[in-house]
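Protein sequences appear in the order of chains A and B.
With the first letter of the first sequence counted as 1, position 399 gets the number 399 in this note's numbering; the numbers rise by one all the way through.
With the first letter of the second sequence counted as 1, position 169 gets the number 611 in this note's numbering; the numbers rise by one all the way through.
Take a look at the structure below.
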Amino acid sequence: MVSAKYESVIGMEVHIELDTKSKMFCSCPSEHFGKPPNSQVCPVCLGLPGALPVPNIEAIKKTQLIGLALGCKLRDFSKFDRKNYFYPDIPKGYQISQYDMPFCYEGKLDYLTEFQVKKMVRVRRVHMEEDTAKMIHIDGASLIDFNRSGVPLVEIVSEPDIHDSQDLRDYLKALIRVIRHLDLSSCDMEKGTLRLEANVSVRKVGSNDLPKYKVEIKNVNSFRYIAHAIDYEFSRQIEILERGETPLQETRGFDENRGVTVSQRVKEEANDYRYFPEPDIPPSRFPEGYVETLRKQISQLPQQAAERLKLQYNFSDHYVNVLTNSPEVLMKFDRLVASGSTHDVSPDEIANAIVNRRVDISLPVEQIIQKFVSAKVTTVTTLDISTHIKEVINENPKAIEDYKKGKKGAIEFLVGRLMAKLKGRMDPVSARKILEQTLQDK
Amino acid sequence: MKKVTQNSINEIHEGYKLKKWSVEEITKEYIGRVQKLDPKLKAFLTTAFDEAILKARELDSNLRKDEEVIERKPLFGIPYGAKDLFSTKGVRTTGGAKIIDNYVPPYDATSIVRINEAGGILIGKLNQDAWGHGASGEHSDYFPTHNPWNLDYVPGGSSSGSGAAVAARILPFATATDTAGSARCPASFCGVCGLKPTYGRVSRYGILSMASSLDSIGHITTKVEDSARILSVTAGSDEFDATTTPAAVPKYEEQLTGSIRETKIGIPKEYIDGVTPEVREAIKAAARQLEGIGCKFVEVSLPHTQLAVPVYYIVQPAEVSSNLARFDGNRFGHDRQTFGDEAKRRIMLGTYTLSAGYYDAYYRKAMQVRTLIREDFSKVFSQVDALLGPVMPHTAFKLGEKVSDPLLLYLEDVFTAPINLAGLPALAVPCGFGSGNLPIGMQIIGPQFSEGLLFKIGYSYERVTDWHLQIPPIAQNVYS
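The following block contains the structure:
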């Protein structure tokens with residue numbers, strides 16, 4: 001959505017269920033997807049009278065690893081707090097969370113978008129809390145499954161540095177990449193191990209002030225829908241602002257069928273959760289040297305790996321981006337390079353095959369290398385593409401102008417020109433994507 | 443069967459060894475005493491007689507196979523009662539509150555597990571002020587317990603059933619909790635021995651939480667020796683309670699007999715002012731007797747004593763309001779209007795003091811003053827080894843006398859609350875009788891983890907006095 005006058009101001013709260021053996025405060029298994037209801041419960045996660053929480057050290061460590069990967073500062077003294085509120089899915093009448101001393105704070109995530117644009121989102125805090133039980137509503141009855149109760153949950157709160165749905169997609173992709181690289185969570189929205197909440201408001205372009213209201217978008221269960229919700233909110237809020245009014249401070253959900261956001265709860269004042277330090281858990285102190293030990297565990301992060309690939313092979317940002325997209329790709333690339341060196345296949349060729357030819361990396365290393373040896377693959381480099389795009393733009397001013405006026409058909413013509421120059425060495429879908437992005441950035 | 447006269451673990455064990463009685467006979471003996479006296483005392487909320495007899499038979503068969511089992515199991519064949527805040531697997535647990543009058547826990551509290559493994563036989567659950575809220579026993583949602591020394595008087599609270607039952611010799615021992623005197627107050631009013639261990643010494647797991655940062659898990663016995671023996675069983679770190687400490691657990695009962703010569707004991711002047719003359723005299727007499735066996739006495743000061751009750755009534759209701767939130771009637775129990783008045787009062791107080799805008803003025807400020815109270819004690823313990831003072835400012839009062847005035851009842855905690863706020867251990871021991879033949883109790887207070895020293899002082903005191911041997915008239919006929 002484009003508007004010259006307004007921009008969105010979006011802060012994200014991302015909840016991630018950690019991939020730990022046991023729950024946050026008891027020894028029940030934390031993996032709960034598809035398990036029979038209430039089959040993984042004990043007095044602690046059922047909140048029975050007298051049961052007490054004992055924190056899971058592994059979960060704390062994993063939270064701190066996420067914090068370090070996001071460039072956060074780590075506290076050497078921290079604590080848990082009780083967030084008091086009533087809901088049938090929290091059996092104790094409070095949720096154990098962190099209030100004023102999150103394990104990690106003040107970080108930032110630097111990343112490249114798929115079109116190699118450098119971006120940065122500041123991270124306000126990364127803290128731990130326990131997941132709630134799961135409510136299932138069937139035939140007018142509300143059923144509660146406590147298998148999920150007490151599963152370790154990490155909340156990553158960003159500063160409002162996100163300005164549109166594309167920004168949001170890029171940030172989330174980068175964030176998930178980091179967490180999957182560290183093997184800390186599956187980050188799977190379908191399984192509920194990743195949950196998103198967006199705080200959206202709209203302000204005039206050029207203003208640096210935060211709007212005085214924010215709309216919270218909750219309970220949206222896919223990337224696509226949260227992007228839609230944000231686009232929808234942008235128009236909705238502009239309409240209200242244009243009338244000279246201020247949008248309501250409220251929580252809204254997304255109606256997937258109608259493609260609109262709908263009000264769920266209007267906040268008249270902030271909820272009073274009566275936070276206070278959790279007296280059942282002594283504060284945590286982390287000894288000197290502890291953080292450094294953790295830091296060593298994150299050397300294979302996308303950021304670090306990217307620097308290595310650039311230094312070692314002088315790859316373009318785009319190549320680096322694709323190769324570091326998942327730990328599997330990176331590991332396979334490294335093994336292919338090792339094997340390729342004995343078969344006269346260069347790292348450049350291997351990278352090309354992965355980036356542009358989408359070679360099936362699930363095949364055994366030897367088999368892939370054999371393919372190189374038997375038939376050298378034609379490849380395009382990013383340099384080729386950008387040269388050709390420039391040529392297409394310069395040679396077709398009329399079509400470019402039509403496109404900018406909104407004549408969407410013009411793009412087909414331009415893609416055709418580009419494909420001709422590339423002599424079929426790229427698929428039309430990718431060509432169109434890159435072309436559109438280039439034109440948008442202009 | 444010959445009669446148990448001392449109500450002590452040692453006496454019962456000697457009888458087992460000499461085959462004077464079997465475990466089943468002892469168990470039935472105590473069940474008989476309960477049946478005889480409890481209709482007057484009202485100390486029990488739930489009984490578990492059948493289960494107790496089954497366990498007794500099992501222990502008898504163990505004993506026949508292996509006589510050494512008594513040496514390995516310090517509480518072998520000892521019947522006991524548990525305060526109703528202790529979760530007991532398969533035995534109804536209400537904490538004295540009607541909102542959960544149908545709750546049967548699927549698990550045992552850690553201390554119950556440990557006592558049972560050591561050979562203890564649970565014969566019932568004991569009355570108390572609901573949730574531990576009270577110093578008289580009158581806030582039980584069921585009925586008040588009566589003081590065995592005079593049935594018109596309160597037994598003290600909140601562990602009212604524990605104090606009354608042990609004093610009346612219908613139980614060799616009973617578990618108790620102490621959040622601001624709940625074990626020591628009934629011990630003092632009933633003339634028995636009550637222990638409040640160091641915070642974190644005994645696991646809280648499975649005991650219905652009152653105020654998590656203050657709750658200490660103790661017990662009531664007729665003798666110091668038994669108290670020491672039980673602590674050796676219940677103390678120690680627990681993987682289910684993050685606030686327990688890994689500090690080693692000595693065999694407390696083996697350290698009772700050492701000399702206490704040159705032990706320096708302080709009497710806080712704030713603990714002597716504002717008590718009735720008979721209580722003051724009893725404490726002074728106890729000091730003289732301890733002096734007679736070599737202790738050195740000095741007067742000391744704990745200047746923030748008067749702030750303990752106000753601080754306690756901020757911190758405790760705050761934690762109570764949160765800890766009672768889980769009783770929502772969704773999965774067990776009844777809805778929240780079933781809470782008694784005192785629980786409702788504390789939920790409201792705590793909800794208020796934790797609210798946005800009030801937190802800093804109340805809770806945070808109270809936590810700061812709590813630090814001052816703790817520092818009072820650490821300063822004093824650089825000068826003395828232990829402290830001696832009264833448990834309560836007076837002897838037991840009449841049932842109904844203070845129940846309509848919550849503030850007056852809160853002031854009962856003046857000498858007990860500071861100890862919980864500082865997380866220290868204290869041992870209540872009987873030290874005399876006041877008018878109306880009502881018992882007076884003193885407390886010996888020490889630095890963290892000094893329970894061994896407290897037992898030694900208490901045990902030495904018992905050697906030169908006979909207050910702990912006095913039996914309430916109502917209980918004397920159980921021996922006939």
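Beta carbons: idealized from backbone N, C-alpha and C, even for Gly.
Practice task
Taking glutamine 95 of chain A as part of the alpha helix (DSSP H), name the residues at either end of that continuous run.
Solution key: Reading the first sequence from its first residue, position 95 is the one you call residue 95 of chain A. Unbroken run through glutamine 95 of chain A is the beta strand (DSSP E), 94-97; no alpha helix (DSSP H).
Handout entry: asparagine 271 of chain A, DSSP secondary structure in three states
Key = On the first sequence, position 271 is the one that residue 271 of chain A refers to. Asparagine 271 of chain A: coil per DSSP, three-state reduction.
Exercise for the section: Look at aspartate 255 of chain A and valine 266 of chain A and say whether their C-beta atoms are less than 8 Å apart. Expected result: Here residue 255 of chain A refers to the residue found at position 255 when the first sequence is read from its first residue. Here residue 266 of chain A refers to the residue found at position 266 when the first sequence is read from its first residue. No; because the gap between Cβ atoms is not below 8 Å, this pair is not in contact.
Handout entry: Span separating the alpha-carbon of alanine 431 of chain A from that of isoleucine 389 of chain A
Key = One-based indexing of the first sequence puts residue 431 of chain A at position 431. One-based indexing of the first sequence puts residue 389 of chain A at position 389. So the alpha carbons of these two residues sit roughly 9 Å apart.
Problem - Proximity winner among B:Ser630, B:Arg643, B:Glu466, relative to isoleucine 565 of chain B (alpha-carbon distances) - result: Taking the second sequence and counting its residues from 1, the one referred to as residue 565 of chain B is at position 123. Answer by Cα proximity: B:Glu466.
Problem - Buried or exposed by the 16-neighbour rule on C-beta atoms within 10 Å, applied to methionine 24 of chain A - result: Counting from 1 along the first sequence, the entry for residue 24 of chain A is found at position 24. Classification of methionine 24 of chain A: buried, given that the 10 Å Cβ count is 16 or more.
Exercise for the section: Kindly indicate if chain A contains any beta-carbon less than 8 Å away from that of serine 601 of chain B. Expected result: Counting from 1 along the second sequence, the entry for residue 601 of chain B is found at position 159. No, serine 601 of chain B lies away from the interface with chain A (no Cβ there is under 8 Å from its Cβ).
Exercise for the section: Would you kindly check if the distance between the Cβ of aspartate 280 of chain A and the Cβ of proline 53 of chain A is under 8 Å? Expected result: Locating residue 53 of chain A in the first sequence gives position 53, counting from the first residue. Locating residue 280 of chain A in the first sequence gives position 280, counting from the first residue. Yes, the Cβ-Cβ distance between proline 53 of chain A and aspartate 280 of chain A is below 8 Å.
Exercise for the section: Thinking tyrosine 754 of chain B and alanine 616 of chain B are a contact (beta carbons under 8 Å), I'd like their distance in whole angstroms, please. Expected result: On the second sequence, residue 754 of chain B is found 312 positions in, with the first residue counted as 1. On the second sequence, residue 616 of chain B is found 174 positions in, with the first residue counted as 1. The Cβ separation is near 24 Å, so there is no contact.
Handout entry: 6 Å Cβ shell around leucine 479 of chain B - same chain, five flanking residues per side excluded
Key = In the second sequence, residue 479 of chain B corresponds to position 37, counting from 1. The residues are Ala610, Ile612.
Problem - Chain-ordered neighbours of threonine 530 of chain B on chain A, where CB pairs are closer than 9 Å - result: Taking the second sequence and counting its residues from 1, the one referred to as residue 530 of chain B is at position 88. Result: empty, since nearest Cβ-Cβ is about 10 Å, beyond 9 Å.
Practice task
Report buried or exposed for aspartate 76 of chain A, applying the criterion of at least 16 other Cβ atoms within 10 angstroms of its Cβ.
Solution key: Counting from 1 along the first sequence, the entry for residue 76 of chain A is found at position 76. So aspartate 76 of chain A ends up on the exposed side.
Handout entry: Uninterrupted beta strand (DSSP E) stretches inside the segment 677-716 of chain B (no shorter than 3 residues)
Key = 706-710
Exercise for the section: Starting from the beta carbon of arginine 506 of chain B, find every residue of chain A whose beta carbon is closer than 9 Å, and list them in chain order. Expected result: In the second sequence, residue 506 of chain B corresponds to position 64, counting from 1. Correct list: empty, because the minimum Cβ distance to chain A is about 36 Å.
Handout entry: lysine 376 of chain A versus isoleucine 350 of chain A - alpha carbon distance
Key = Working through the first sequence from its first residue, we reach residue 376 of chain A at position 376. Working through the first sequence from its first residue, we reach residue 350 of chain A at position 350. Residue confidence is low: lysine 376 of chain A scores 46 on pLDDT, short of 50, so the model does not pin down where it sits. No coordinate-derived value is stated.
Practice task
Compute every distance between the C-beta of glutamine 64 of chain A and the non-hydrogen atoms of the ligand NAP, then say whether any falls below 7 Å.
Solution key: This structure lacks the ligand NAP; in fact it carries no ligand of any kind.
Exercise for the section: Excluding the 5 residues preceding and the 5 following leucine 330 of chain A in the sequence, name in chain order all residues of the same chain whose CB lies nearer than 7 Å to its CB. Expected result: Indexing the first sequence from 1 puts residue 330 of chain A at position 330. Within the same chain, leucine 330 of chain A has close Cβ partners Ala305, Leu323, Thr324.
Practice task
For chain A, find out if any of its Cβ atoms is closer than 8 Å to the Cβ of leucine 650 of chain B; answer yes or no.
Solution key: For the purposes of this step, residue 650 of chain B is identified with residue 208 of the second sequence, where counting begins at 1. Yes, contact with chain A.
Exercise for the section: Please compile the residues from chain A whose C-beta is within a distance smaller than 9 Å of the C-beta of proline 547 of chain B. Expected result: For the purposes of this step, residue 547 of chain B is identified with residue 105 of the second sequence, where counting begins at 1. What proline 547 of chain B touches in chain A: Pro43, Leu48, Pro49, Gly50.
Handout entry: Burial state of glutamine 440 of chain A (16 or more Cβ within 10 Å)
Key = Within the first sequence, numbered from 1, the residue matching residue 440 of chain A stands at position 440. Exposed, by the Cβ-count rule.
Practice task
Kindly indicate if chain B contains any beta-carbon less than 8 Å away from that of phenylalanine 103 of chain A.
Solution key: The sequence position of residue 103 of chain A within the first sequence is 103, counting from 1. Taking Cβ atoms only, chain B never reaches closer than 8 Å to phenylalanine 103 of chain A, which makes this a no.
Exercise for the section: Starting from asparagine 84 of chain A, follow the beta strand (DSSP E) in both directions and report where the run begins and ends. Expected result: Taking the first residue of the first sequence as position 1, residue 84 of chain A is located at position 84. 81-84 is the extent of the beta strand (DSSP E) around asparagine 84 of chain A.
Exercise for the section: Flag this pair as yes or no: are the beta carbons of valine 826 of chain B and valine 740 of chain B separated by less than 8 Å? Expected result: Taking the second sequence and counting its residues from 1, the one referred to as residue 826 of chain B is at position 384. Taking the second sequence and counting its residues from 1, the one referred to as residue 740 of chain B is at position 298. Yes, the Cβ-Cβ distance between valine 826 of chain B and valine 740 of chain B is below 8 Å.
Exercise for the section: Using a Cβ-Cβ cut-off of less than 8 Å, list which residues of the segment 682-704 of chain B approach chain A; keep chain order. Expected result: Phe682, Asp683, Ala684, Thr685
Problem - Per-residue DSSP class, three states only, for proline 29 of chain A - result: Along the first sequence, read from residue 1 onward, the residue named residue 29 of chain A stands at position 29. Here proline 29 of chain A sits in strand by DSSP.
Problem - Residues of its chain near valine 337 of chain A, where Cβ-Cβ distance is below 8 Å and the 5 sequence neighbours each way are ignored - result: Sequence index remark: in the first sequence, residue 337 of chain A carries index 337 (1-based). Counting only Cβ-Cβ distances below 8 Å, and skipping sequence neighbours, we find Pro347, Ile350.
Practice task
Can you tell me which of the three DSSP states lysine 296 of chain A falls into?
Solution key: Indexing the first sequence from 1 puts residue 296 of chain A at position 296. Here lysine 296 of chain A sits in helix by DSSP.
Problem - Cutoff 8 Å; reference valine 415 of chain A; Cβ partners in own chain excluding five residues on either side - result: Residue mapping note: residue 415 of chain A aligns to position 415 of the first sequence, counting from 1. So the list reads Pro428, Ala431, Arg432, Leu435, once near-sequence residues are dropped.
Exercise for the section: Specify, as a first and last residue, the run of the alpha helix (DSSP H) that valine 822 of chain B falls within. Expected result: By one-based count along the second sequence, residue 822 of chain B stands at place 380. Note, valine 822 of chain B: alpha helix (DSSP H), 807-822.
Practice task
Express the C-alpha separation of alanine 227 of chain A and leucine 418 of chain A in angstroms, rounding to a whole number.
Solution key: Residue 418 of chain A sits at position 418 when you count from the first residue of the first sequence. Residue 227 of chain A sits at position 227 when you count from the first residue of the first sequence. One C-alpha to the other measures close to 30 Å.
Handout entry: Chain-ordered neighbours of aspartate 131 of chain A on chain E, where CB pairs are closer than 9 Å
Key = Annotation note: the requested chain E is absent from the structure, which comprises protein chains A and B.
Handout entry: Three-way DSSP call (helix, strand, coil) for valine 377 of chain A in this model
Key = Position 377 of the first sequence holds residue 377 of chain A. Note that valine 377 of chain A scores 41 on pLDDT, short of 50, meaning its location in the model is unreliable; the coordinates nonetheless yield the value given after this. DSSP places valine 377 of chain A in coil when its eight states are reduced to three.
Exercise for the section: Might you give, ordered along the chain, the residues of its own chain that have their beta carbon closer than 8 Å to the beta carbon of glutamate 278 of chain A, omitting 5 neighbours on each side? Expected result: For the purposes of this step, residue 278 of chain A is identified with residue 278 of the first sequence, where counting begins at 1. Closer than 8 Å at the Cβ level, and outside the excluded window around glutamate 278 of chain A, lie Pro53, Lys79, Phe80, Asp81, Arg82, Ile96.
Exercise for the section: Could you tell me whether the segment 50-64 of chain A touches the segment 123-136 of chain A, where touching means 3 or more Cβ pairs closer than 8 Å? Expected result: yes
Exercise for the section: Count the other CB atoms, across all protein chains shown, that sit within 10 Å of the CB of valine 446 of chain B; report buried if there are 16 or more and exposed otherwise. Expected result: For the purposes of this step, residue 446 of chain B is identified with residue 4 of the second sequence, where counting begins at 1. Buried is the call here.
Problem - Residues bridged to tyrosine 111 of chain A (per DSSP) - result: On the first sequence, residue 111 of chain A is found 111 positions in, with the first residue counted as 1. A:Lys119.
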